[in-house]
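Enquirer:
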Amino acid sequence: MDEDFEIIEAVRNGDIEKFAILVEKYSSRVFRIVRRFAKSEADAFDLAQEIWIKAFQKLGEFRGAAPV
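The sequence shown begins at 713 in my numbering and counts up by one.
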């Protein structure tokens, strides 16, 4: 998990390409969770994409108090 915090700090410091590492690492987990709530697989993909966009936008507010 320390690696995740290092990646987050790198992204927060301007190395935005590193965000792709988090997406690759956690995308299947995010999709599995979202798929339980979505009506279709296409909806699940759309929701997962929205989650990643929002995560990127809010990364500056991340305090590290909760697990990634």
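No residue lacks a Cβ here, since even glycine has one placed at the ideal position from N, Cα and C.
1. Which term fits Ala760, buried or exposed, when burial requires 16 or more other beta carbons within 10 angstroms of its beta carbon?
2. So what does DSSP say about Ala760, is it helix, strand or coil?
3. Kindly give me the distance between the Cβ atoms of Ile765 and Val746, rounded to whole angstroms, as I take these residues to be in contact under 8 Å.
4. Kindly list the residues whose CB is nearer than 8 Å to the CB of Val742, restricted to its own chain and excluding five residues on each side of it in sequence; keep chain order.
5. To the nearest angstrom, report how far apart Glu753 and Ser740 are at their CA atoms.
Expert: Taking the definition as stated:
1. buried
2. helix
3. In fact, because the Cβ distance is near 13 Å, the residues do not count as touching under 8 Å.
4. Ala760, Ile763, Trp764
5. 13 Å
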